[in-house]
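> Sharing a structure here in structure tokens format.
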Amino acid sequence: SSLDPAAAAATTAAPGQTPASAPAPAQTPAQSLSGPALPGPFPGGRVVRLHPVILASIVDSYERRNEGAARVIGTLLGTVDKHSVEVTNCFSVPHNESEDEVAVDMEFAKNMYELHKKVSPNELILGWYATGHDITEHSVLIHEYYSREAPNPIHLTVDTSLQNGRMSIKAYVSTLMGVPGRTMGVMFTPLTVKYTYYDTERIGVDLIMKTCFSPNRVIGLSSDLQQVGGASARIQDALSTVLQYAEDVLSGKVSADNTVGRFLMSLVNQVPKIVPEDFETMLNSNINDLLMVTYLANLTQSQIALNEKLVNL
């Protein structure tokens with residue numbers, strides 16, 4: 072399907088300013104993705120939560136873009152609750168842009184979403200993403216299409232050009248603006264972007280971050296013992312920070328924060344209360360079990376090797 076920007080012109084805000092505004096684009100036929108829509112006014116206190124897999128997928132799509140393509144776009148998928156909108160998945164959508172028009176392969180987007188629903192039926196269409204740091208005329212037209220799929224679609228921009236020395240990530244929703252009897256425009260209002268992750272994602276992110284200190288950007292997988300050691304070191308650092316904060320509050324160096332105090336009290340209450348002698352007995356029992364399993368594994372390995380020798384005689 073093709074969206075013709077000749078019917079509408081957008082005025083984009085300068086970097087650092089609030090959003091772009093543009094006359095409402097003409098209605099153009101487009102295929103529907105037939106997905107469940109983002110309900111009602113934008114929920115969740117205008118907070119968008121992103122998972123690391125979203126950023127990795129967007130950057131990967133940008134690196135694999137067609138020759139001559141200035142940017143890539145795609146559909147955002149996720150869930151909605153009363154506190155926030157959580158973006159958990161996405162997929163890129165082929166498109167072509169020129170100075171005069173933009174064409175988006177909506178048949179591809181429809182097929183991809185239908186396939187995705189079979190795996191994750193609870194994920195909704197939340198909006199779309201584009202690489203780049205600003206909102207263009209074509210962005211207004213593409214956003215108008217996604218407005219048919221979700222009443223309040225999110226527009227996520229990822230600055231893969233690192234214009235300000237970092238990968239700037241921003242999210243917007245559009246709002247109609249104008250006066251009665253005049254041409255309506257669209258204003259893009261920024262949202263708060265926060266990052267969240269599952270425990271399994273955190274492991275991958277921590278591993279990727281280690282490549283920053285490697286000259287060739289390559290790092291090997293760590294053993295189970297190394298992972299346990301790293302986790303223990305992080306816990307020790309966190310405890311040191313908490314203890315230092317408590318000492319500073321008691322000495323009057325910093326003012327007490329009731330929110331932090333309640334959080335620490337909740338954390339302390341979650342620590343299981345075990346008699347030291349019982350804990351030592353339990354630990355020794357687990358160590359003995361581990362040693363027994365190791366001994367049996369070595370014994371089995373020796374028996375297999377001996378059996379192979381006897382068979383070959």
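Residue 72 is where the sequence shown starts when you use this note's numbering, and the numbers rise one by one after that. We treat Cβ as the ideally placed atom computed from N, Cα and C, and that holds for glycine.
(1) So if DSSP puts residue 161 in a beta bridge, which residue, or which two residues, is it bridged to?
(2) Quick check on DSSP: helix, strand or coil for residue 172?
(3) Between residue 106 and the rest of its own chain, which residues show a CB-CB distance below 7 Å, the 5 nearest in sequence each way excluded?
(4) Rounded to a whole number of angstroms, what is the C-alpha to C-alpha distance between residue 283 and residue 231?
(5) Between the Cα of residue 177 and those of 145, 202, 203 and 356, spot the shortest distance and give me the residue it belongs to.
(6) Identify the residues that DSSP records as bridge partners of residue 246: which are they?
(7) Determine contact between the region 203-210 and the region 223-230, defined as no fewer than three beta-carbon pairs at a distance below 8 Å.
(8) Quick one: what's residue 225 bridged to in DSSP?
(9) My output table needs one value for residue 166: the three-state DSSP class, helix, strand or coil.
(10) On the DSSP bridge assignment, give the partners of residue 119 in chain order.
(11) Of the choices 160, 168, 134 and 199, whose alpha-carbon is the least far from that of residue 208?
(12) To the nearest angstrom, how far is it from the Cα of residue 200 to the Cα of residue 269?
(13) Looking only at its own chain, which residues have a Cβ that is under 6 Å from the Cβ of residue 319, when we skip the five neighbours before and after it?
(14) Report yes or no: do the region 236-249 and the region 258-274 share at least 3 C-beta pairs separated by less than 8 Å?
(15) Please state whether DSSP places residue 324 in a helix, a strand or coil.
(16) Can you say whether residue 366 is buried or exposed, counting buried as having 16 or more other CB atoms within 10 angstroms of its CB?
(17) Residue 382 to residue 372, Cα distance in whole Å?
Taking the coordinates as given:
(1) If you number the sequence shown from 1, residue 161 lands on position 90. According to DSSP, which records beta bridges pairwise, residue 161 is partnered with 147.
(2) Here residue 172 is taken as the residue at index 101 of the sequence shown, counted from 1. Coil.
(3) Stepping through the sequence shown from its first residue, residue 106 is reached at position 35. Because the pLDDT at residue 106 is just 38, under 50, the model does not fix this residue reliably, and the value given afterwards should be weighed accordingly. So the list reads 184, 195, 196 and 220, once near-sequence residues are dropped.
(4) The residue labelled residue 283 in the question sits at position 212 within the sequence shown. The residue labelled residue 231 in the question sits at position 160 within the sequence shown. Going by the C-alpha atoms only, they are around 18 Å apart.
(5) For the purposes of this step, residue 177 is taken as the residue at position 106 of the sequence shown. Restricting attention to 145, 202, 203 and 356, the CA atom closest to the CA of residue 177 is found in 145.
(6) If you number the sequence shown from 1, residue 246 lands on position 175. According to DSSP, which records beta bridges pairwise, residue 246 is partnered with 258.
(7) Yes: the two stretches touch, three or more of their Cβ pairs being nearer than 8 Å.
(8) Taking the sequence shown and counting its residues from 1, the one referred to as residue 225 is at position 154. Bridge pairing for residue 225: 198 [DSSP].
(9) Counted from its first residue, the sequence shown places residue 166 at position 95. Annotated three-state conformation of residue 166 is strand, per DSSP.
(10) Taking the first residue of the sequence shown as 1, we reach residue 119 at position 48. Residue pairing by DSSP places residue 119 opposite 156 and 264 in a beta bridge.
(11) On the sequence shown, position 137 is the one that residue 208 refers to. The alpha carbon of residue 208 has as its nearest neighbour, out of 160, 168, 134 and 199, the alpha carbon of 168.
(12) Counting from 1 along the sequence shown, the entry for residue 200 is found at position 129. Counting from 1 along the sequence shown, the entry for residue 269 is found at position 198. Per the coordinates, the alpha-carbon of residue 200 lies some 22 Å from the alpha-carbon of residue 269.
(13) Looking up residue 319 in the sequence shown gives position 248. Same-chain partners within the cutoff: 325.
(14) Verdict: yes, contact present.
(15) The sequence position of residue 324 within the sequence shown is 253, counting from 1. Note: residue 324 maps to coil in three-state DSSP.
(16) Along the sequence shown, read from residue 1 onward, the residue named residue 366 stands at position 295. By the 10 Å Cβ count, residue 366 comes out exposed.
(17) Locating residue 382 in the sequence shown gives position 311, counting from the first residue. Locating residue 372 in the sequence shown gives position 301, counting from the first residue. Cα to Cα, residue 382 sits roughly 16 Å from residue 372.
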